[in-house]
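Order-wise, the sequence lines are chains A and B.
Note that the working numbering has the first sequence beginning at 1, numbered continuously upward.
Note that the working numbering has the second sequence beginning at 457, numbered continuously upward.
2 protein chains.
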Amino acid sequence: MAGHDTPKKIHLDESEMPTQWYNVVADLPTPPPPALHPGTHEPAGPDDFAPLFPMALIEQEVTTERYVDIPGGVLDVYKLWRPSPLFRAKRLEEMLDTPARIYYKYEGVSPAGSHKPNTSVPQAYYNHQEGITKLTTETGAGQWGSALAFATAQYGMECEIWQVAASYKQKPYRKTMMEIWGATLHSSPSELTEFGRALLAENPDHTGSLGIAISEAVAMCVADPNARYALGSVLNHVLMHQTIIGEEALLQLAKVDETPDVLVGCTGGGSNFGGLAFPFLREKLAGKMDPIIRCVEPAACPTLTKGEYRYDFGDSAGMTPLMKMHTLGHSFVPEPIHAGGLRYHGMAPLVSHVYNEGLVEAIAIPQRECFAAAIDFAKTEGIVPAPEPTHAIAAAVREALACKESGEEKVILTALCGHGHLDLASYEKYLHGDMVDYELPDDAIAEAMKSVPVLN
Amino acid sequence: MAGHDTPKKIHLDESEMPTQWYNVVADLPTPPPPALHPGTHEPAGPDDFAPLFPMALIEQEVTTERYVDIPGGVLDVYKLWRPSPLFRAKRLEEMLDTPARIYYKYEGVSPAGSHKPNTSVPQAYYNHQEGITKLTTETGAGQWGSALAFATAQYGMECEIWQVAASYKQKPYRKTMMEIWGATLHSSPSELTEFGRALLAENPDHTGSLGIAISEAVAMCVADPNARYALGSVLNHVLMHQTIIGEEALLQLAKVDETPDVLVGCTGGGSNFGGLAFPFLREKLAGKMDPIIRCVEPAACPTLTKGEYRYDFGDSAGMTPLMKMHTLGHSFVPEPIHAGGLRYHGMAPLVSHVYNEGLVEAIAIPQRECFAAAIDFAKTEGIVPAPEPTHAIAAAVREALACKESGEEKVILTALCGHGHLDLASYEKYLHGDMVDYELPDDAIAEAMKSVPVLN
Numbered sequence: 001m002a003g004h005d006t007p008k009k010i011h012l013d014e015s016e017m018p019t020q021w022y023n024v025v026a027d028l029p030t031p032p033p034p035a036l037h038p039g040t041h042e043p044a045g046p047d048d049f050a051p052l053f054p055m056a057l058i059e060q061e062v063t064t065e066r067y068v069d070i071p072g073g074v075l076d077v078y079k080l081w082r083p084s085p086l087f088r089a090k091r092l093e094e095m096l097d098t099p100a101r102i103y104y105k106y107e108g109v110s111p112a113g114s115h116k117p118n119t120s121v122p123q124a125y126y127n128h129q130e131g132i133t134k135l136t137t138e139t140g141a142g143q144w145g146s147a148l149a150f151a152t153a154q155y156g157m158e159c160e161i162w163q164v165a166a167s168y169k170q171k172p173y174r175k176t177m178m179e180i181w182g183a184t185l186h187s188s189p190s191e192l193t194e195f196g197r198a199l200l201a202e203n204p205d206h207t208g209s210l211g212i213a214i215s216e217a218v219a220m221c222v223a224d225p226n227a228r229y230a231l232g233s234v235l236n237h238v239l240m241h242q243t244i245i246g247e248e249a250l251l252q253l254a255k256v257d258e259t260p261d262v263l264v265g266c267t268g269g270g271s272n273f274g275g276l277a278f279p280f281l282r283e284k285l286a287g288k289m290d291p292i293i294r295c296v297e298p299a300a301c302p303t304l305t306k307g308e309y310r311y312d313f314g315d316s317a318g319m320t321p322l323m324k325m326h327t328l329g330h331s332f333v334p335e336p337i338h339a340g341g342l343r344y345h346g347m348a349p350l351v352s353h354v355y356n357e358g359l360v361e362a363i364a365i366p367q368r369e370c371f372a373a374a375i376d377f378a379k380t381e382g383i384v385p386a387p388e389p390t391h392a393i394a395a396a397v398r399e400a401l402a403c404k405e406s407g408e409e410k411v412i413l414t415a416l417c418g419h420g421h422l423d424l425a426s427y428e429k430y431l432h433g434d435m436v437d438y439e440l441p442d443d444a445i446a447e448a449m450k451s452v453p454v455l456n
Numbered sequence: 457m458a459g460h461d462t463p464k465k466i467h468l469d470e471s472e473m474p475t476q477w478y479n480v481v482a483d484l485p486t487p488p489p490p491a492l493h494p495g496t497h498e499p500a501g502p503d504d505f506a507p508l509f510p511m512a513l514i515e516q517e518v519t520t521e522r523y524v525d526i527p528g529g530v531l532d533v534y535k536l537w538r539p540s541p542l543f544r545a546k547r548l549e550e551m552l553d554t555p556a557r558i559y560y561k562y563e564g565v566s567p568a569g570s571h572k573p574n575t576s577v578p579q580a581y582y583n584h585q586e587g588i589t590k591l592t593t594e595t596g597a598g599q600w601g602s603a604l605a606f607a608t609a610q611y612g613m614e615c616e617i618w619q620v621a622a623s624y625k626q627k628p629y630r631k632t633m634m635e636i637w638g639a640t641l642h643s644s645p646s647e648l649t650e651f652g653r654a655l656l657a658e659n660p661d662h663t664g665s666l667g668i669a670i671s672e673a674v675a676m677c678v679a680d681p682n683a684r685y686a687l688g689s690v691l692n693h694v695l696m697h698q699t700i701i702g703e704e705a706l707l708q709l710a711k712v713d714e715t716p717d718v719l720v721g722c723t724g725g726g727s728n729f730g731g732l733a734f735p736f737l738r739e740k741l742a743g744k745m746d747p748i749i750r751c752v753e754p755a756a757c758p759t760l761t762k763g764e765y766r767y768d769f770g771d772s773a774g775m776t777p778l779m780k781m782h783t784l785g786h787s788f789v790p791e792p793i794h795a796g797g798l799r800y801h802g803m804a805p806l807v808s809h810v811y812n813e814g815l816v817e818a819i820a821i822p823q824r825e826c827f828a829a830a831i832d833f834a835k836t837e838g839i840v841p842a843p844e845p846t847h848a849i850a851a852a853v854r855e856a857l858a859c860k861e862s863g864e865e866k867v868i869l870t871a872l873c874g875h876g877h878l879d880l881a882s883y884e885k886y887l888h889g890d891m892v893d894y895e896l897p898d899d900a901i902a903e904a905m906k907s908v909p910v911l912n
């Protein structure tokens, strides 16, 4: 009987690793709305993206093919840590005294410690194939910067990273990790761009922001014909690269004869959630299984549950194409919760679209509940989660406790998208009672929503 | 043909995990000399150890049985991360342009991030079985404290850790990791012991030492009938628990039809080395393979290559039984190299004995060569190693480059006994040119050797 002799760790051999990414667009009942040029408000074309991305990725951004082959040069690097393990959380289940069976796909086994290398590696690969020798990017807390630094090292490319000044100063160890892989780090705002110089002239102690760091990375990439820019979430091709998570999880669950009743994933920009959920959404749309699929976002940045589905800019400065997405307004600045990767004003257009179509649900959870669940998880399953997936764990625990009440033997699936080895300061605050849950007044959202452009 | 289609990651299923530890004593040509009572200089008996350790571990310390069954309650916890992967370092081989094939057994997948939980888990288990509710220990940099905190959490036990004051202040994140698993941390010297109070009265800003922290942990354990003490290396039972590393590696290499020509492992107290090497030494003594087996120690603490094989104390304060081991003298204070886990004046009696018998070799490597090798490793294989196993990696690189010269296709095996996520400050120093190689004058050793007791 399913679930009764499950091993702790459900393994896939290298030979069983999926060799294609999945493009959910091919199976959606309605197509997602296109990105718009920020000036003309016409659908953005390949030329609009060419200064930033290589042609292969631009094609992946708009393709309607159901599957895209993963190149051999990417598979070789994936094999450094993939297939990633699927764990049965038996010891957590025992602690919760629940009849539910909880499975988690663990992405913290990657060199950078999160799911981000699933896309940084192909992004570096395609750029390298097209003769690009340098990638620029921004990073906040540093997970994405680490992943891109690792990926560019695999193809002998340069990597230049603008890190938000506050993080650059507060998190020296993340910076060191990126430098180990050969990346060059700049505190943002920097003296290297006109924008940065102007901001520093105004305020030499400027603490920076993700929006400013994006502007600097983009400006430096555009100025160098051998350089391109890389983005760690939000875009269609990024989510597609991440579907290897869900494809592997499907194969692993099939090995133990299980199908999920509930799938929960944390959502910031949407790449971890989309990566896990989209292959299961395909199965659901095909009538092969019927899981509830639930986004979990931080209560301090409730993009799906409290934002509006509107065309908005991807960055704070309003330089990117307009994307139709759930947004709190691109001027929205979330409170400083510890899950830095979930502090984004918008949501991936693909995740926004499937949510708008009613194919997935969403809930928001305050951070102290998340850390409480993470401590229970660490004490039983061993792994110390990154702050972002503590949200997914808290949602899984809620569901497991509901099963304890109802007696239902539900199968719960989630992704533990990274370890917390470089985020222990947040746990210290939680353990010592210094962590707060932020209230988010409705008028703060109303105010930020004023920054969303009104189209026609 | 062996080595030509090796997968990147050589997997063992849970069902293939060894269920016995290996006791090398059963196969040694001559028995290792016994521990001696520090007062009488007679062989130490079970009663001498009873206030510190549970009877099951005391029996394991002196057993001559070849194999000891791993209890089910330990296997259940091992399965959180074991069997650990054996990797083929293909990308490092390519960078070095060597015909050698390099394999590394990766122990950083454990929740605490090193091989230490292989022994902290059974130590907690046996204590729990005998009704003990609390374990005390010391920790320096924090790897051992983390491992014991994790292990005691698995059995619902208390864990009280004395951390060297300097590390307690400088490495707050390690402390947080231990607290996540529910341990209580004290800066040592502490106000909790007579010894600690006396030292603080002399100097309120005392930075502590491992020897002092051991004395405090032992004093608190002896004063509490429900508490025992746990040690993370050196002793026979600790090395035996670690043999699961080598037993798994043997099975994994057999899967790809390989036998090692050279085995290298870093040595501090000796548990990582013994754990990997002893099962291979058994095969060598049985004539089934003939690897060179080589210890790699830091040039700043060259216990085997420059120490003497003498009876000496295990701790700096001279409270423990006397053990015959390679020692630099228990008053030896190594320079502050970053591989904190290798800064030990002595060497496990079992490792010392096999070295003295000529069954294994030893070399010493300065730390900058180790970090240089680690950076190459991180850039190719992805994983950022802890400072301790950078020594093993440097030795593997030396051997691989010798193969490049000679054209030999040697099979090199090593253990990557932990990741460096909580040791990035050492990499920062290396990358920014702030790391030095310490000279170790012969007269410093001669001076410290004066602290070794002269027996009879």
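Beta carbons: idealized from backbone N, C-alpha and C, even for Gly.
Alpha-carbon spacing of residue i relative to residue j, whole angstroms
| i | j | result |
| --- | --- | --- |
| I617(B) | G652(B) | 14 Å |
| A607(B) | I526(B) | 15 Å |
| W477(B) | M803(B) | 21 Å |
| P18(A) | E283(A) | 16 Å |
| A856(B) | I821(B) | 16 Å |
| E194(A) | D48(A) | 22 Å |
| D312(A) | K450(A) | 11 Å |
| V807(B) | L148(A) | 42 Å |
| W181(A) | E837(B) | 11 Å |
| D893(B) | E825(B) | 9 Å |
| T913(B) | T592(B) | Look at the range of chain B in this structure, 457 to 912, and you will see that residue 913(B) is not part of it. |
| A89(A) | E408(A) | 17 Å |
Pick from the options that is closest to residue i, judged by C-alpha positions
| i | options | result |
| --- | --- | --- |
| H437(B) | D879(B), E470(B), Q579(B) | An answer regarding residue 437(B) cannot be provided, because it is not within the stretch 457 to 912 covered by chain B. |
| V296(A) | V68(A), Y173(A), F280(A), A415(A) | A415(A) |
| E130(A) | R228(A), A213(A), P43(A) | R228(A) |
| K590(B) | R557(B), G667(B), P510(B) | P510(B) |
| R294(A) | N272(A), V360(A), G275(A) | V360(A) |
| S644(B) | S623(B), L741(B), R630(B), T761(B) | S623(B) |
| E704(B) | P790(B), W537(B), D680(B) | W537(B) |
| P487(B) | I849(B), H809(B), M891(B), Y581(B) | H809(B) |
Neighbour list for residue i in chain B, Cβ cutoff strictly below 7 Å
| i | result |
| --- | --- |
| A415(A) | The contacting residues do not exist; A415(A) stays about 18 Å from chain B at best. |
| I375(A) | I636 |
| M177(A) | V840, L880 |
| K379(A) | A609, W637, G638 |
Residue i burial status per 10 Å Cβ neighbour count (16 or more: buried)
| i | result |
| --- | --- |
| M1(A) | Low per-residue confidence applies at M1(A): pLDDT is 46, beneath 50, and the placement is therefore not dependable, though the value from the model is reported in the following sentence. Flag for M1(A) reads exposed. |
| S406(A) | exposed |
| A23(A) | Reading the sequence as shown, one finds Asn at residue 23(A) and not Ala. With 16 or more other Cβ atoms within 10 Å, it is buried. |
| D469(B) | exposed |
| G889(B) | exposed |
| Q170(A) | exposed |
| S316(A) | buried |
| S471(B) | exposed |
Cβ-Cβ separation, residue j to residue i (assumed contact under 8 Å), whole Å
| i | j | result |
| --- | --- | --- |
| L911(B) | H497(B) | 6 Å |
Proximal chain B residues relative to residue i, where beta-carbon distance stays under 9 Å
| i | result |
| --- | --- |
| S382(A) | Per the sequence shown, residue 382(A) should be read as Gly rather than Ser. The answer, in chain order, is V533, L536, W537, S566, P567, A568, P573, F606, A609, Q610, W637. |
Neighbouring residues, chain A, relative to residue i (Cβ below 8 Å)
| i | result |
| --- | --- |
| K711(B) | Ordered by position in chain A, no residue passes the 8 Å Cβ test against K711(B), which lies about 11 Å from the chain. |
Interface residues of chain B facing residue i [CB-CB closer than 8 Å]
| i | result |
| --- | --- |
| E14(A) | P463, K464, K465 |
Heavy atom of the ligand MG within 6 Å of residue i beta-carbon
| i | result |
| --- | --- |
| L440(A) | Judged by which ligands are present, the structure shown has none, so any question about the ligand MG falls away. |
Proximal residues of chain A, C-beta to C-beta of residue i below 9 Å
| i | result |
| --- | --- |
| E817(B) | Result: empty, since nearest Cβ-Cβ is about 30 Å, beyond 9 Å. |
Chain A contact residues for residue i, given Cβ-Cβ distances below 7 Å
| i | result |
| --- | --- |
| Y523(B) | Result: empty, since nearest Cβ-Cβ is about 24 Å, beyond 7 Å. |
| L513(B) | Those do not exist, as L513(B) stays about 22 Å from chain A at its closest Cβ, beyond 7 Å. |
| K627(B) | In chain order: nothing, as chain A lies at least about 10 Å away. |
| E884(B) | P172, T176 |
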